[in-house]
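Each number in my numbering corresponds to the 1-based position in the sequence shown with 167 added.
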Amino acid sequence: MRVAVLQNYVGIDGRTRVLAEVASILNERGIVPEVHCLGRPATAEKVSATFGVPARFTTRVHTAPDFRRGNLYKCLLLNKLAAHDLEDYDLILNSNNCLQFLPTKPAWIHYIHFPLAGNFEFKMEYGKSPAARLYAAPAMAILKLVPAALGHRALVLGNSEFTSDVIARAENLPRESVGVLYPPVSAPEGAPRMDREDLVVSIGTFSPPKRQLEQIEFAARFPEVRFVLIGNASYDPKYVRECEAAAGSLPNVRILGNAKWSEIEDHLGRARWFVHSTRHEPFGISPVEAMLRGCIPLVHDSGGVRETVPFSELRWTDGEDLAAKFEAVRLRDEVELRGRLLAHARRFTPEFFRPAFGAALDRVLAIEPAGVA
168 MRVAVLQNYV GIDGRTRVLA EVASILNERG IVPEVHCLGR PATAEKVSAT
218 FGVPARFTTR VHTAPDFRRG NLYKCLLLNK LAAHDLEDYD LILNSNNCLQ
268 FLPTKPAWIH YIHFPLAGNF EFKMEYGKSP AARLYAAPAM AILKLVPAAL
318 GHRALVLGNS EFTSDVIARA ENLPRESVGV LYPPVSAPEG APRMDREDLV
368 VSIGTFSPPK RQLEQIEFAA RFPEVRFVLI GNASYDPKYV RECEAAAGSL
418 PNVRILGNAK WSEIEDHLGR ARWFVHSTRH EPFGISPVEA MLRGCIPLVH
468 DSGGVRETVP FSELRWTDGE DLAAKFEAVR LRDEVELRGR LLAHARRFTP
518 EFFRPAFGAA LDRVLAIEPA GVA
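In structure tokens form, the structure reads like this:
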């Protein structure tokens with residue numbers, strides 16, 4: 168059986184973490200998927216080493232202009248470029264976040280991490296200036312005018328209830344036709360350590376949507392607590408400089424850019440708390456990673472993190488509410504709370520994802536092609 172994966176970018180990110188797990192599941196069935204992508208993809212060896220998942224896949228790179236911040240258009244462009252070639256496969260996993268321009272003959276699992284159409288409603292970078300709105304306008308028009316290409320052998324899945332709600336609304340699909348499959352988040356070996364430091368950690372690419380400047384303002388209110396802000400510092404150097412300037416006068420704040428995973432795990436293993444400030448996060452891998460390593464998260468009360476962090480006392484709406492929730496959680500029985508969080512977070516690990524994805528795979532393959540009696 169020939170299987171393809173459609174994903175514009177293959178690197179060190181959440182979608183590729185899922186790709187590694189999916190490839191591993193397919194490998195166990197004797198299948199090596201071919202990943203259709205753009206740019207310069209990471210190799211299967213690098214992906215396997217980074218995420219600790221033995222995975223074999225090949226890549227087929229489609230040639231396209233290399234525009235750095237054109238993710239909206241890269242996803243649509245890849246669908247268009249790959250459409251003809253995809254007709255030759257038996258099964259395709261679409262991890263490309265849009266449903267337009269695709270052939271309907273093969274069997275499909277559309278695993279949408281967040282639909283492109285949802286960006287205009289929930290992502291701040293597409294509504295903050297006339298230039299940003301002008302940039303996004305053609306993509307908005309395409310997504311509104313070109314219907315989703317769904318054959319009868321297709322499953323549509325979101326990575327959270329929140330994401331699936333947005334998919335159904337954006338693509339005009341019945342909500343009951345869009346399933347939910349939470350992505351796999353790696354758990355450490357052994358139990359988290361119980362002796363924790365008065366340390367708050369955040370993880371996220373340094374960029375306005377991740378709101379590290381707000382986190383620095385939060386840190387200024389608690390000079391007795393150390394804060395370490397960890398993330399990719401290469402994406403938006405200007406924003407990194409702004410964060411460094413804001414943190415420069417605060418001895419309790421450290422900016423840690425481009426950290427190795429071993430450094431990240433070390434901080435999560437020692438920190439008592441974790442803060443996450445992104446609005447309308449589709450799922451939120453980093454808060455789950457933090458919970459699995461023993462941190463108590465404080466997350467914005469929106470999006471998919473309402474599902475991953477189900478306790479209202481750990482969700483906040485603005486800076487004042489965050490400070491109040493933080494003061495309150497410092498007085499809690501953290502051993503009891505940490506145990507509840509850890510038990511909840513385990514449902515987002517590979518041991519739950521793998522059988523659920525396998526069941527989805529069997530389900531779509533059991534559907535007879537059109538015209539077969």
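For each residue, glycine too, the CB sits at the ideal point set by N, CA and C. Predicted model, so just to flag it, every value in this text is computed and none were measured.
Beta bridge counterpart(s) of ILE334 as assigned by DSSP: BP columns for ILE334 are empty, so no partner.
Enclosing beta strand (DSSP E) for VAL170 [first to last residue]
It spans 170-173 - the beta strand (DSSP E) in which VAL170 sits, taken as one unbroken run.
DSSP state of SER353, grouped into three classes? Coil, per DSSP.
- prompt: So HIS280 packs on PRO449, CB below 8 Å; how close in whole Å?
  reply: 6 Å between Cβ atoms; contact.
Can you check which of these residues, ALA526, TRP483, SER453, is closest to ALA512 by C-alpha distance? Nearest of ALA526, TRP483, SER453 to ALA512, Cα basis: SER453.
Mind checking who ARG421 pairs with in its DSSP beta bridge? DSSP lists VAL395 as partners of ARG421.
Margin query: Here's the rule I'm using: 16 or more other beta-carbon atoms within 10 Å means buried, otherwise exposed. How should THR210 be labelled?
Written below: Exposed.
Between LYS311, PRO305, ILE309, ALA321, which has its C-alpha nearest PRO270's C-alpha?
Ranking LYS311, PRO305, ILE309, ALA321 by Cα distance to PRO270 puts ALA321 first.
For GLU535, the nearest candidate out of LEU258, GLU201, VAL466 (CA to CA) = Looking at the Cα atoms, LEU258 is the closest of the given residues.
Open item on the list: For LEU528, tell me which candidate among HIS277, LEU481, SER353, VAL202 has the shortest Cα-Cα distance.
Closed with: Checking every option, the nearest Cα to that of LEU528 belongs to HIS277.
### Task
Below 8 Å on the Cβ atoms is my guess for LEU348 versus ALA523; work out the distance and round it to an integer in Å.
In this structure LEU348 touches ALA523 by the C-beta definition: roughly 6 Å separates them, less than 8 Å.
Open item on the list: Using 8 Å for Cβ pairs, my map puts ILE431 next to ILE383. What's the rounded Cβ distance?
Closed with: In this structure, ILE431 and ILE383 do not form a Cβ contact; the two beta carbons are roughly 19 Å apart against a cut-off of 8 Å.
What does a CB cutoff of less than 7 Å around ASN175 pick up in its chain, not counting 5 residues either side in sequence? If we look at ASN175 and ignore the five residues flanking it on each side, its Cβ neighbours are CYS204, LEU205, LYS241, CYS242, LEU245, ASN263.
**OP:** Give a yes or no on whether the C-beta atoms belonging to ARG439 and ILE463 are separated by under 8 Å.
**Re:** Going by C-beta atoms, ARG439 is nearer than 8 Å to ILE463.
Problem - Reduced DSSP secondary structure (H/G/I, E/B, other) of TYR293 - result: Any reading at TYR293 must be qualified, since the residue scores a pLDDT of 49, below 50, and its modelled position is unreliable; the value itself is stated next. Under the three-state reduction of DSSP, TYR293 is assigned to helix.
Requested in this report: Tell me where the beta strand (DSSP E) around GLY325 begins and ends.
Outcome: Per DSSP, GLY325 is one residue of the beta strand (DSSP E) stretching across 321-325.
Alpha carbon to alpha carbon, how far is ALA400 from ALA533?
About 46 Å.
Given a cut-off of 8 Å on the beta-carbon distance, is the pair LEU465 and VAL496 in contact? Against a cut-off of 8 Å, the Cβ pair of VAL496 and LEU465 comes out as a contact.
| field | Span separating the alpha-carbon of LEU366 from that of LEU340 | value | Taking the straight line from one Cα to the other gives about 44 Å.
Within its chain, find whatever has a CB closer than 6 Å to the CB of ASN194; leave out the 5 residues flanking it on each side and keep chain order.
So the qualifying residues of the chain are ARG223.
From PHE268, ALA490, MET307, residue whose alpha carbon lies closest to that of SER444:
Considering only alpha carbons, the answer is ALA490.
- Proximity winner among ASN425, GLY346, SER327, ARG505, relative to PHE373 (alpha-carbon distances): The candidate whose alpha carbon is nearest that of PHE373 is ASN425.
Using 10 angstroms around the beta-carbon of GLU456, count the other beta-carbons present and answer buried if the total reaches 16, otherwise exposed. With a 10 Å radius around the Cβ and a threshold of 16 neighbouring Cβ atoms, GLU456 comes out buried.
So, using beta-carbon positions, are PRO273 and LEU253 closer together than 8 Å? With contacts defined as CB atoms closer than 8 Å, PRO273 and LEU253 qualify as a contacting pair.
>> The beta strand (DSSP E) that contains ARG227, what's its start and end?
In response: Per DSSP, ARG227 belongs to the beta strand (DSSP E) from 225-229.
Which of helix, strand or coil DSSP assigns to VAL531: DSSP, read as helix, strand or coil, puts VAL531 in helix.
GLU364 bridges to which residues according to DSSP?
-> Under DSSP, the beta-bridge partners assigned to GLU364 are ALA438.
(Q) Once DSSP output is grouped into helix, strand and coil, what is the label at TYR406? (A) In the structure shown, TYR406 sits in a helix (DSSP, three-state: H, G or I).
**OP:** Can you tell me which of the three DSSP states ARG482 falls into?
**Re:** ARG482: strand per DSSP, three-state reduction.
| task | Report back the beta-carbon spacing between VAL214 and THR183 to the nearest angstrom; my notes put them in contact at under 8 Å. | result | Sure, about 6 Å apart at Cβ, within 8 Å.
Query raised in the report: Does the distance from the CB of PRO355 to the CB of PHE520 come in under 8 Å?
Result: Contact: no.
### Query
Taking HIS434 as the reference, which of SER369, SER469, PRO404, VAL170 has the closest Cα?
Looking at the Cα atoms, SER369 is the closest of the given residues.
Whose C-beta lies closer than 7 Å to the C-beta of TRP483 among residues of the same chain, with five residues either side of it excluded?
Around TRP483, the same chain offers LEU465, HIS467, ASP468, LEU489, LYS492 as residues with beta carbons nearer than 7 Å, after the five sequence neighbours per side are excluded.
query = Which value, in whole angstroms, describes the spacing of the CA atoms of LEU248 and PRO232?
reply = Across the structure, LEU248 and PRO232 are spaced so that their CA atoms are roughly 12 Å apart.
query = With distances taken between CB atoms, is the gap from SER353 to GLY219 smaller than 8 Å?
reply = Contact annotation: SER353 and GLY219 have beta-carbon atoms nearer than 8 Å.
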